[in-house]
Amino acid sequence: MRVKNILVAGNYEEEFKKMDSNCSREYRFLHADEIADSDLSWADVYVGSKPCANFNLAKVKWVHSFNAGVNNYLEIDGWEKYNVLLTRTVCSFGERISEYCLSYILRDLQYHEEFLFCQKEKKWMPKTPKMIKDQTFLIYGTGEIGQVVGKTLSEFGATVFGVSKSGKQKQNFKEVFDISSASSLICKADWIISTLPLTHDTIRIFDTHFFENMNGSVFINVGRGATVDEVALLSSLESGKVRHAILDVLSEEPLPENSTLWGRKDVIITPHISAITQKNEAVECFFDTLWKLENNEPIPNKVDFSKGY
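Residue numbers (the working numbering): 84 to 392.
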């Protein structure tokens with residue numbers, strides 16, 4: 084594929100000019116709500132975090148998402164019908180999410196909250212911190228992000244299992260199970276971390292049945308909010324099946340002010356910041372993908388429509 088006309092939804096002009104020395108390409112940088120049908124007809128490729136309101140697959144050959152997740156694009160029908168390529172951004176998301184998870188894991192194992200309370204009360208109450216190497220982790224999602232999280236925890240000596248749709252074995256996991264075979268591990272895990280994308284198969288996959296199998300462990304969601312049945316999660320927090328929940332993604336964002344999740348001491352909420360896309364990384368990934376495409380190289384960040392990621 085030869086790409087000449089590039090339509091970019093968003094303010095990325097400075098980053099593109101720094102990285103593209105090819106004077107034969109033409110660009111249009113527009114906010115998503117400014118894009119007209121004529122812009123789509125002009126473009127060979129549409130680049131952006133989300134589709135514009137009048138997005139039309141019949142008018143483009145390639146779409147590149149600035150996000151790791153592409154569920155907002157996959158809501159549009161016709162990708163295979165019009166033979167449109169869809170690629171996604173792969174950059175430092177794995178490292179960022181690993182550090183996010185690690186910060187809350189250490190906060191818990193090192194008893195930060197308890198020692199802060201003792202300091203306020205001027206009480207000297209020694210307690211031996213736990214170590215990551217003695218913990219068992221179950222990571223749902225063994226793609227690029229899940230593998231980096233698994234590697235990070237494994238390097239601390241933890242026992243790390245993975246769960247994926249296929250159950251295909253991957254590096255950095257002691258063993259990988261398919262979703263139907265993982266139920267016996269749920270009660271044995273100290274920590275369950277979801278890096279799952281949102282697909283037809285993962286909507287509310289973490290439901291009442293799932294949480295009832297937990298045994299007072301911690302649940303971290305850095306994947307997609309709609310993979311969790313939040314009513315079931317609340318019920319499991321009340322029963323103690325889930326000891327603590329750390330949620331960077333919610334089914335509705337921003338989380339409504341009247342949500343009961345806000346006020347719970349056993350829930351930590353962050354505003355979808357565990358892996359914010361950096362402009363320079365996003366644009367660099369686009370050009371790396373463009374080079375591979377124009378040179379007939381394999382494209383590892385190509386979306387598999389049968390899987391949804």
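Beta carbons: idealized from backbone N, C-alpha and C, even for Gly.
Beta-carbon spacing of residue i, residue j below 8 Å
i           : j           : result
residue 308 : residue 332 : yes
residue 84  : residue 377 : yes
residue 92  : residue 130 : yes
residue 150 : residue 132 : yes
residue 235 : residue 185 : yes
residue 310 : residue 330 : no
residue 210 : residue 196 : no
residue 215 : residue 188 : yes
residue 306 : residue 230 : no
residue 291 : residue 312 : yes
residue 255 : residue 237 : yes
residue 219 : residue 251 : no
residue 123 : residue 139 : yes
C-alpha gap between residue i and residue j, whole angstroms
i           : j           : result
residue 260 : residue 217 : 21 Å
residue 317 : residue 365 : 36 Å
residue 110 : residue 369 : 14 Å
residue 362 : residue 193 : 35 Å
residue 90  : residue 154 : 20 Å
residue 289 : residue 281 : 12 Å
residue 301 : residue 315 : 15 Å
residue 265 : residue 246 : 7 Å
residue 106 : residue 355 : 37 Å
residue 263 : residue 350 : 28 Å
residue 191 : residue 275 : 14 Å
residue 213 : residue 239 : 12 Å
residue 382 : residue 372 : 7 Å
residue 180 : residue 328 : 16 Å
residue 202 : residue 112 : 53 Å
residue 125 : residue 379 : 24 Å
residue 97  : residue 108 : 15 Å
residue 66  : residue 200 : A query on residue 66 cannot be resolved here, the shown segment of the chain reaching from 84 to 392 and no further.
residue 114 : residue 174 : 23 Å
residue 388 : residue 253 : 22 Å
According to DSSP, residues forming a beta bridge with residue i
i           : result
residue 90  : 111, 129
residue 123 : Answer by DSSP bridge pairing: none, since residue 123 is not bridged.
residue 170 : 147, 385
Identity of the residue in the options nearest residue i by Cα
i           : options            : result
residue 87  : 374, 184, 321, 380 : 374
residue 172 : 215, 384, 293      : 384
residue 284 : 223, 315, 146, 118 : 223
residue 221 : 233, 215, 210      : 233
residue 357 : 277, 381, 246      : 277
residue 243 : 251, 258, 250      : 258
residue 141 : 349, 152, 135, 161 : 161
residue 94  : 275, 199, 118      : 118
residue 386 : 170, 152, 360      : 170
residue 136 : 322, 116, 320, 146 : 116
residue 319 : 293, 98, 241, 191  : 293
residue 166 : 174, 286, 143      : 143
residue 303 : 346, 338, 352, 322 : 352
residue 147 : 164, 104, 159, 168 : 168
residue 287 : 334, 298, 183, 296 : 334
residue 269 : 248, 295, 321      : 295
residue 390 : 134, 152, 298, 104 : 152
residue 321 : 341, 339, 99, 347  : 347
Item to check | beta strand (DSSP E) runs contained entirely in the region 222-308, provided each spans 3 or more residues | outcome: DSSP runs (the beta strand (DSSP E)) wholly in the region 222-308: 242-247, 258-261, 274-277, 300-304.
Checklist entry - Unbroken alpha helix (DSSP H) runs of length 4 or more, entirely within the region 138-167: which are they? => result Counting whole runs of 4 or more residues, the region 138-167 contains the alpha helix (DSSP H) stretches 154-157.
Item to check | Those runs of the alpha helix (DSSP H) which lie wholly inside the region 295-372 and span at least 4 residues | outcome: For the region 295-372, whole alpha helix (DSSP H) runs of length 4 or above, ordered along the chain, are 313-322.
Checklist entry - Unbroken beta strand (DSSP E) runs of length 3 or more, entirely within the region 180-227: which are they? => result If we require 3 residues or more, the beta strand (DSSP E) runs fully inside the region 180-227 come out as 219-223.
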